[in-house]
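Asker: I am attaching a structure below and will ask some questions about it afterwards.
In this note's numbering, the protein residues as written are 2 to 76.
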């Protein structure tokens, strides 16, 4: 999953641009797996920043959980 790899380019070509609007991407300045943080954002998606939260902590971060549940309830 390297930036600008053949594999990622092929995926991007096969994906309609409007599909990206269906994604919500959470990213943090303290992510210890996805680095740099800017690589966690998908152009065209709903990109949401949460400060000071590590990668695996995001699944239990109250702000993330509450926002995800609100999104599910809205749909």
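Don't be surprised by glycine CBs; every beta carbon is placed ideally from N, CA and C.
Using 10 angstroms around the beta-carbon of residue 8, count the other beta-carbons present and answer buried if the total reaches 16, otherwise exposed.
Answerer: Exposed, since its Cβ has fewer than 16 Cβ neighbours within 10 Å.
Asker: Which one of 42, 63, 66, 11 has the shortest CA to CA distance from residue 24?
Answerer: The shortest C-alpha separation from residue 24 is found at 42.
Asker: Terminal residues of the continuous alpha helix (DSSP H) containing residue 69?
Answerer: First-last of the alpha helix (DSSP H) with residue 69: 63-75.
Asker: Can you check whether the CB of residue 33 is closer than 8 Å to the CB of residue 56?
Answerer: A contact, by the Cβ cut-off of 8 Å.
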